[in-house]
Structures are given as C-alpha cells and as structure tokens.
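Residue numbers (full-length UniProt numbering): 1 to 135.
Ideal Cβ placement from N, Cα and C applies to all residues, glycine included.
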C-alpha cells in the first residue's frame with residue numbers, strides 16, 4: 001500500500017497524533033512537552049486545527065503560537081535552543097515521510113521549517129528585550 005496524500009482533517013489528525021507521540025518519547029523534547037502540557041487530547045485537537053488551517057485555509061485555529069512558545073521558553077528558564085528546533089523539525093519530516101507524500105506533505109514540511117525559524121528568532125528577540133529591561 002502506497003502512502004496517501006494529506007487531504008482531510010483525519011489525515012492531519014493522524015500526522016499530528018503520530019508526530020506528538022514521537023515528541024513525547026523523545027529524550028530532549030519529551031520532558032519539556034510533557035512537563036507543560038497537561039491535557040494532551042485538547043492540545044492535539046488544537047494542533048490539528050492549526051495544521052488544518054495552515055494546509056487547507058480553513059479558519060479553525062485562532063491562537064497565538066508565537067506567544068505560546070515564548071511562554072514555554074520562560075517556563076524552562078530560557079533554555080530552548082537550535083537543537084530543540086532541529087530535533088522537532090527532524091521528527092516532523094520523518095513522520096510526514098513515513099505516512100504521506102504529495103504536495104500538501106511538502107507544504108507541511110516547508111511551513112514547519114519556516115515557522116520554526118520564525119519562532120526561534122522571536123524567542124531570542126524576546127530574551128534580548130527582557131535582558132535590556134533588566135539592565
């Protein structure tokens with residue numbers, strides 16, 4: 001059986017659930033995610049909304065991922081770095097490649113890479129702003 005395309009909410013849900021299953025088991029990422037997220041069912045539903053919005057332009061997600069990640073960085077004492085983002089992106093690509101192929105799969109990879117870079121830069125900018133205020 002060949003790999004399918006990402007075409008429905010069920011496909012997105014399979015991707016999100018499989019991916020975060022790996023994240024939760026990961027030695028580097030698992031402790032951060034498991035330490036902060038208490039209601040995984042709600043979180044996975046929210047992330048499915050997020051990716052459905054991103055891939056199919058259905059406005060289901062209204063959150064602020066930038067703010068959420070900056071808060072996580074504060075909670076872990078400003079210790080998130082490029083290794084965390086690299087590990088996240090590698091697991092995302094690995095999960096997509098295992099399950100899917102086609103245009104939407106490639107878009108999901110590119111959007112995640114761009115988002116990771118954007119969030120990474122903004123976390124560092126927020127830290128710089130915070131340290132300037134403390135001076």
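If you draw a straight line from the Cα of residue 15 to the Cα of residue 95, it is about 7 Å long. For residue 100, DSSP records a beta bridge to 4. Collapsing the DSSP output to three states places residue 60 in coil.
When the five nearest sequence neighbours on each side are left out, the beta carbons in the same chain lying within less than 6 Å of the beta carbon of residue 22 are those of 91, in order along the chain. Taken atom to atom, the span from the alpha-carbon of residue 93 to that of residue 113 is near 9 Å.
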